[in-house]
Amino acid sequence: MIEAEPRYCTPRNQDLATDGGNVAVISKALGHPLLPWQRLTADLAGEYETDDEGRHILVHPRLIVTVPRQAGKTTLDEARHIRSMLMGPNRQSWYIAQRGTDAVKRFKQTVKDVQTSPALAPLVRDVRYSAGDMGLHFINGSVFSPSPPVDNSGHGFQGDLITLDEAWAFNDKTGKALLQAFIPTTITRLQLMGQQPQLCIMSTEGTADSSFLNPMLTECRRGLAPKGWAFVDYGLRLDDDPEDLDAVWRSHPGAGHLFNRRQLKGFRDEFRDDPAGWRRAFCNIRDDGTMERVYTADLWDATRCEAFTVAGLEPDTFAIGVAVDIDQAATSIAVATDTPDGLKTMMLETMPGTGGALDAIGSYCDRYRCPVAIDPKGPAAPLADRMRQEPERYRLADMPATELGMTGPAFLDMLRQGTASHAPDPRLDHSVEIATRRWAGDTWYLDRRQSPGDVSPIESVQLATWACRHIQPAPVFQLFT
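Given below as structure tokens:
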């Protein structure tokens with residue numbers, strides 16, 4: 003099995019001892035042997051130095067872990083808390099979630115896991131569930147407690163291990179308040195317990211509103227984090243395609259351990275109408291809201307024209323474009339024509355699948371001998387290949403691969419300059435509303451994968467526009483006797 007490599011990770015100091023092995027023993031006793039990424043994180047977080055009094059002092063006062071969903075961060079954190087409780091008498095640890103109900107749910111699961119463990123159950127003295135006094139008490143006096151992101155007592159969090167889970171949901175004000183409630187206690191806690199307290203911030207990537215987590219992750223990824231912080235970050239590399247499930251599989255630390263390849267496809271299907279949610283949940287890529295509409299509503303509304311008929315157009319003044327949906331569930335055919343009032347475009351047909359597309363395209367070519375523009379390498383490739391085999395019927399536009407990336411920017415520029423327009427069509431309008439783009443160098447393409455729906459109508463218009471602007475005279479067929 004190929005194990006995922008972290009995108010970013012604080013190097014392990016091999017000159018230091020680590021408590022990670024003890025976390026692994028606890029996790030196994032809880033029924034969850036550590037996965038490779040969990041062991042890496044436990045070893046890094048558990049690095050310690052021995053002081054003059056023989057005490058083991060953790061060297062990382064802050065641990066930041068960001069991983070996709072289904073990676074096992076909860077089981078790792080559970081084992082680390084139990085280990086912290088057993089490191090000495092009268093220790094205190096806190097699990098903090100955005101909502102108190104989430105914290106309580108996690109607490110109850112931890113209690114269940116400990117009580118069903120033959121090795122750990124005898125170490126428990128009491129479990130309290132009353133509000134304000136909820137805690138898992140060990141016979142050595144240590145206590146594990148849940149909490150919402152506010153301390154109702156008005157005092158700081160006195161703790162030896164504190165976890166802020168799903169920190170993406172905390173705004174900057176709440177996050178800073180939590181830090182202010184914990185950090186001042188670390189000095190006295192170190193002196194009292196002889197151990198460096200540790201704050202663990204765990205989360206998947208957030209959104210543009212994650213004002214507490216986002217700056218912290220940016221700081222860590224740029225190598226600007228304060229000395230002593232430990233940072234572990236897993237997820238899809240930003241130059242990989244979120245729709246490439248093989249790449250997602252290779253990058254996910256839980257792949258092959260907590261789910262199989264078929265289940266990964268099922269996870270993607272659950273997010274079929276939410277590509278941004280898929281990227282955030284399983285690729286650990288921030289949803290920063292940058293998937294803006296390519297053709298703005300005001301520009302689109304201002305560039306409408308009246309519908310026209312192909313039969314009334316002069317030869318060699320118009321061309322058609324053909325595009326196919328990413329799943330080959332639909333085929334769109336559009337026409338563009340050059341007129342004294344500028345270039346005009348119009349949808350001709352949008353049909354389900356690709357089965358009748360060749361005949362539909364062929365009917366236009368038979369009647370008008372018009373050039374056809376089509377992407378030869380995308381989902382329309384099978385159609386393009388069939389058309390190439392019948393050059394006497396299909397007049398394919400000679401479009402270099404380098405020009406394909408210019409079809410969208412060129413049409414958008416013409417709309418902005420007022421030299422192009424489009425006839426009203428509900429299918430085209432809808433595709434324009436949902437179309438997003440991906441950049442490649444200095445140009446962009448319509449992003450068929452990330453757009454939440456079929457964008458083949460607007461793609462066919464872009465292709466028809468390019469073909470119309472690059473019309474070559476129709477070849478003359480001669481018969482020799």
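In terms of our numbering, the numbers along the sequence shown are unbroken and rise by one, the last being 483.
Each residue gets a CB set at the ideal place from its N, CA and C atoms; glycine is no exception.
These numbers come from a predicted model, not from an experiment.
Below 7 Å CB to CB, which residues in the same chain sit around residue i once its five sequence neighbours on both sides are set aside?
| i | result |
| --- | --- |
| Ser453 | Ile436, Ala437 and Thr438 |
| Thr43 | Val67, Leu78 and Val234 |
| Trp572 | The question about residue 572 has no answer, for the chain in this structure spans 3 to 483. |
| Asp128 | His139 |
| Asp484 | What the structure shows of the chain is the stretch from 3 to 483, and residue 484 is not part of that stretch, so it cannot be assessed. |
Which residue from the options puts its Cα closest to that of residue i?
| i | options | result |
| --- | --- | --- |
| Met87 | Asp243, Leu125 and Asp53 | Leu125 |
| Asn286 | Ala331, Leu240 and Ile460 | Leu240 |
| Ile376 | Asp343, Arg397 and Gly358 | Arg397 |
| Leu406 | Gly380, Thr118 and Asp242 | Gly380 |
| Gln16 | Glu51, Pro38, Leu37 and Tyr10 | Glu51 |
| Val116 | Pro13, Leu350, Leu32 and Arg191 | Leu32 |
| Ile13 | Gly74, Asp400, Ala232 and Ser458 | A small fix is needed here, since residue 13 is Pro in this sequence, not Ile. Of Gly74, Asp400, Ala232 and Ser458, the residue nearest in Cα terms is Ala232. |
| Gly177 | Lys267, Gly355 and Met218 | Met218 |
| Gln198 | Gly48, Val374 and Met416 | Gly48 |
| Ser149 | Ile185, Ala121, Leu417 and Lys107 | Lys107 |
| Met389 | Gly364, Met408 and Glu80 | Gly364 |
| Ile4 | Ala26, Ala19 and Pro38 | Pro38 |
| Leu138 | Phe109, Val326 and Leu46 | Phe109 |
| Ser95 | Ser253, Thr103, Arg101 and Ile84 | Ile84 |
| Met136 | Arg440, Pro120, Cys307 and Thr103 | Thr103 |
| Val61 | Ile98, Glu80, Leu238 and Ala19 | Ala19 |
| Leu260 | Ser462, Ala171, Cys470 and Arg71 | Arg71 |
| Ala412 | Glu392, Trp468 and Pro384 | Trp468 |
| Leu36 | Asp303, Arg191 and Pro255 | Pro255 |
| Thr445 | Ala325, Asp300, Thr404 and Ala399 | Thr404 |
| Thr341 | Glu272, Arg471 and His58 | Arg471 |
Span of the beta strand (DSSP E) holding residue i?
| i | result |
| --- | --- |
| Pro373 | Pro373 to Ile376 |
| Phe214 | Where Phe214 is concerned, there is no enclosing beta strand (DSSP E), given that its DSSP letter is neither H nor E. |
| Met204 | Gln200 to Ser205 |
| Leu163 | Leu163 to Asp167 |
| Leu414 | That residue, Leu414, is in no beta strand (DSSP E); its alpha helix (DSSP H) goes Thr409 to Gln419. |
| His139 | Gly137 to Phe140 |
| Pro38 | Where Pro38 is concerned, there is no enclosing beta strand (DSSP E), although the alpha helix (DSSP H) it sits in stretches over Pro38 to Ala47. |
| Val326 | Phe320 to Val326 |
| Ile363 | Where Ile363 is concerned, there is no enclosing beta strand (DSSP E), although the alpha helix (DSSP H) it sits in stretches over Ala359 to Tyr370. |
| Ala338 | Ala332 to Thr341 |
Given that a residue counts as buried once 16 or more other Cβ atoms are within 10 Å of its Cβ, and exposed if not, what is residue i?
| i | result |
| --- | --- |
| Asp54 | exposed |
| Gln182 | exposed |
| Val216 | The displayed chain sequence assigns Asn, not Val, to residue 216. Per the 10 Å Cβ criterion, buried. |
| Arg93 | buried |
| Thr311 | exposed |
| Pro486 | Any question about residue 486 goes unanswered here, given that the chain covers just 3 to 483. |
| Tyr447 | buried |
| Glu7 | exposed |
| Ala123 | exposed |
| Trp280 | buried |
| Ser212 | buried |
| Lys175 | exposed |
| Ala442 | exposed |
| Tyr131 | exposed |
| Ile141 | exposed |
| Arg274 | exposed |
| Ala105 | buried |
| Gly208 | buried |
Give me, in chain order, the residues of the same chain whose beta-carbon lies closer than 6 Å to that of residue i; leave out the 5 immediate sequence neighbours on both sides.
| i | result |
| --- | --- |
| Ser155 | Confidence at Ser155 is low in this model, with a pLDDT of 40, below 50, so the placement of that residue should be treated as unreliable; the coordinate-derived value is given next. Here the set comprises nothing. |
| Arg191 | Pro199 |
Would residue i and residue j be called neighbours here (beta carbons separated by less than 8 Å)?
| i | j | result |
| --- | --- | --- |
| Asp347 | Ala336 | The displayed chain sequence assigns Thr, not Asp, to residue 347. Contact flag set, yes. |
| Ser82 | Leu163 | Reading off the sequence, residue 82 comes out as Arg, not Ser. Against a cut-off of 8 Å, the Cβ pair of Leu163 and Arg82 comes out as a contact. |
| Arg282 | Thr206 | yes |
| Leu430 | Ile473 | no |
| Tyr297 | Leu414 | yes |
| Met427 | Met349 | Just to set this straight, residue 427 is Asp in the shown sequence, not Met. Result yes, Cβ atoms of Asp427 and Met349 sit closer than 8 Å. |
| Phe320 | Ala338 | yes |
| Gln330 | Thr356 | yes |
| Arg223 | Tyr10 | yes |
| His424 | Val463 | yes |
| Gln40 | Gly74 | yes |
| Gly344 | Thr421 | yes |
| Asn173 | Phe214 | yes |
| Val324 | Leu385 | yes |
| Arg57 | Glu245 | no |
If you follow the alpha helix (DSSP H) that residue i is in, where does it begin and where does it stop?
| i | result |
| --- | --- |
| Lys346 | Element bounds for Lys346: not the alpha helix (DSSP H) but the beta strand (DSSP E), Gly344 to Pro354. |
| Ala403 | Ala403 to Leu406 |
| Gln94 | First-last for Gln94: Gln94 to Ile98, but that is the beta strand (DSSP E), not the alpha helix (DSSP H). |
| Leu301 | Ala299 to Ala304 |
| Pro459 | Ser458 to Arg471 |
| Val106 | Gly102 to Gln117 |
Below 7 Å, is the gap between the Cβ of residue i and the nearest heavy atom of the ligand MN?
| i | result |
| --- | --- |
| Asp400 | Looking for the ligand MN in the displayed structure turns up nothing, as the structure carries no ligands at all. |
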